[in-house]
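A short write-up of the structure that comes next.
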Amino acid sequence: MVGALVPVFFAFLIFGLPIFAALALAVAAAFYFWGGLDPVLVPMRMFSGMNNFSLMSIPFFILAAELMRIGGLSDRLINLARAIVGWLPGGLAAAAVVACLMFGSISGSSPATVIAIGSILYPAMVKAGYDKYFSIGLITTAGTLGPIVPPSIALIIYGSVTGTSVGKLFAAGLLPAILIGGILIAYASWYSARKGYPRDAMPTLAGILGALKSAAWGLGLPVILLGGIYSGVFTPTESAAAACLYGWLVGAVIYRSISLRETLTVLRNTGLISGPLLLITAGASAFSWLLASSGTPAQLAGYILSDTSNGFVVMALFNLILLVAGCFLDSASAIIILGPLMMPIAQQVGVDPIHFGVIMLVNLSVGMLTPPVGLNLFVAMGVANMKLGEVFRATLPTILLMLLALLILTYVPVISMLLPDTMF
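For the sequence shown, the working numbering gives the first residue as 5, with consecutive numbering after it.
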């Protein structure tokens with residue numbers, strides 16, 4: 005039954021079905037034709053997969069990010085980023101990476117980060133004389149920092165399906181996000197110095213403090229999110245709900261840029277974004293339940309570990325599998341399907357589940373940059389008015405840098421584990 009599951013799933017995708025429908029129908033077909041089970045189990049398992057308290061935080065995180073985006077935070081974060089790193093060679097390029105890192109700490113979403121930062125900085129970079137392919141490639145890749153830096157929707161999903169602590173996962177994502185951001189800034193500065201791109205003047209302390217003051221209300225959002233979780237005052241879900249209230253008050257009362265009509269629009273957009281994501285989570289939950297109930301994880305572990313128990317080799321194999329999976333599956337589906345399969349095997353070769361969660365997320369972030377399902381590419385197409393092939397070619401140098409960061413994070417676990425081990 006399981007042997008037919010994956011080919012049927014990909015067949016449905018080829019015929020153009022949405023991912024959640026392909027997942028659910030593949031499970032139903034496996035039940036009916038090969039398992040002798042009632043397909044009515046499929047919607048039951050889909051509901052069971054969504055009936056998870058941690059997953060309630062996802063719409064709240066999306067709503068908080070939308071409120072802060074509509075509330076004019078993007079411009080303030082970009083001004084702050086320019087004040088901090090704009091004096092480097094290619095200051096606008098470096099500011100784009102820092103702005104993506106800061107906005108990601110609010111949105112937790114890769115496409116939202118590309119839209120919010122790219123729609124402002126891409127035209128500015130091209131106007132300042134930057135090569136358009138370099139500009140969109142850098143911004144598209146820096147957008148992947150959104151799901152890595154805490155708070156992260158993908159890490160919430162990983163925690164819910166593997167039973168690992170969401171608080172520890174959030175702590176584990178911070179240093180890897182800073183590492184990737186640092187690598188991208190170093191590349192941007194080197195490339196810009198070669199090309200002679202402009203840089204901003206060295207900022208004054210007053211300029212930095214002024215930009216910080218302007219963005220302070222927005223930067224308070226991740227403080228509420230993470231501070232509430234780590235202090236024990238909020239669960240992740242409660243923290244996300246508090247962030248929504250804070251985000252609306254900042255946009256409507258402090259910045260005065262969100263009207264009642266725009267509030268209703270933001271609520272509608274949040275529903276449109278959250279609905280498909282939760283449907284995919286439901287379909288992937290049924291898919292992963294069938295795999296787990298058939299004993300596939302144990303069989304896979306036995307197959308892999310019978311050939312080698314070398315952790316270095318096993319993690320290299322897992323990275324390869326995840327990179328390929330990221331080309332065809334969105335992050336939520338890949339985490340729900342592959343997380344419960346791979347995490348126990350990684351544990352057997354000495355990889356901590358928290359560390360493995362970060363590795364998995366970085367792999368799937370690379371998948372956001374690779375066709376045919378790389379969502380960041382499609383978002384960047386709209387931002388830069390380019391074709392898919394052009395955007396993909398523009399990201400190739402920075403994809404290689406992401407792979408370099410992935411190797412470092414895979415085999416230097418202290419980067420991911422330092423903060424969780426210290427804080428918990």
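Where a beta carbon is used, it is the ideal one built from N, C-alpha and C, also for glycine. Remember, predicted model here, so these are calculated numbers, not experimental data.
Within 8 Å, strictly: CB atoms of residue i and residue j
i: A116; j: G251; result: no
i: F14; j: A245; result: no
i: A350; j: A338; result: no
i: M427; j: Y134; result: no
i: G222; j: L77; result: yes
i: N429; j: L410; result: Nothing about residue 429 can be reported from this structure: the residues present for the chain run from 5 to 428 only.
i: L282; j: I62; result: yes
i: V153; j: G108; result: yes
i: P127; j: V170; result: no
i: M364; j: L326; result: yes
i: L179; j: S369; result: no
i: G432; j: V362; result: As shown, the chain starts at 5 and ends at 428. That puts residue 432 outside it, with no answer to give.
i: D204; j: G122; result: no
i: L405; j: L159; result: no
i: N323; j: T267; result: no
i: G112; j: I157; result: yes
i: V387; j: D334; result: no
i: I277; j: I74; result: no
i: A120; j: L96; result: no
i: G255; j: M72; result: yes
Close-in-space but distant-in-sequence residues of the same chain around residue i (CB under 6 Å, 5 per side omitted)
i: T399; result: G141, T144, T145, L373
i: G94; result: A192, S193, S196, Y201
i: A175; result: L423, P424, M427
i: G147; result: C104, S114, T117, V118, N380
i: M347; result: T166, P357, F360
i: L229; result: P155, S243, A247
i: V31; result: V46, A290, F291, L294
i: P417; result: H359
i: M319; result: T414
i: I66; result: T274, I277, S278
C-alpha gap between residue i and residue j, whole angstroms
i: S52; j: S292; result: 12 Å
i: M106; j: A98; result: 13 Å
i: T269; j: L225; result: 21 Å
i: T312; j: I82; result: 48 Å
i: S139; j: R80; result: 20 Å
i: A220; j: L17; result: 45 Å
i: M129; j: L392; result: 20 Å
i: G177; j: F37; result: 42 Å
i: F396; j: D42; result: 43 Å
i: V101; j: L45; result: 46 Å
i: L249; j: V383; result: 28 Å
i: A190; j: V317; result: 30 Å
i: R260; j: S218; result: 14 Å
i: L149; j: M60; result: 22 Å
i: F19; j: L27; result: 13 Å
i: A336; j: P47; result: 18 Å
i: N55; j: K199; result: 53 Å
i: P401; j: L264; result: 44 Å
i: Q352; j: P151; result: 27 Å
i: G371; j: I184; result: 15 Å
i: I258; j: L209; result: 25 Å
i: I110; j: I412; result: 26 Å
Close-in-space but distant-in-sequence residues of the same chain around residue i (CB under 8 Å, 5 per side omitted)
i: I340; result: G53, I161, V165, T285, A288, S289, F291, S292
i: L21; result: L29
i: I124; result: S78, D79, I82
i: P375; result: C331, L381, L392, F396
i: P280; result: P22, F24
i: M385; result: K391, L392, V395
Neighbourhood of residue i by C-beta, 7 Å cutoff - its chain only, sequence neighbours within 5 removed
i: E70; result: V270, N273, T274
i: A87; result: P207, G211, I212, A215
i: K172; result: I358, P424, F428
i: L92; result: A98, S193, R203
i: G343; result: Y162, V165, T166, M364
i: A429; result: In the structure as shown, the chain starts at 5 and stops at 428, and residue 429 therefore has no counterpart that could be examined.
i: K435; result: Lying outside 5 to 428, the shown extent of the chain, residue 435 is not represented and no answer is given.
What are the complete alpha helix (DSSP H) segments, minimum 4 residues, inside the region 234 to 314?
240 to 253, 264 to 297, 300 to 311
Which runs of the alpha helix (DSSP H) spanning at least 4 residues fall entirely within the region 116 to 172, listed in chain order?
136 to 146, 149 to 152, 157 to 166
For a minimum of 4 consecutive residues, which ranges assigned as the alpha helix (DSSP H) are wholly contained in the region 19 to 74?
Along the region 19 to 74, the alpha helix (DSSP H) occurs as fully enclosed runs of 4 or more residues at 23 to 33, 45 to 54, 61 to 74, listed in sequence order.
Which runs of the alpha helix (DSSP H) fall wholly inside the region 349 to 386 and span at least 4 residues, in chain order?
As far as the region 349 to 386 is concerned, its whole alpha helix (DSSP H) runs of at least 4 residues are 357 to 371.
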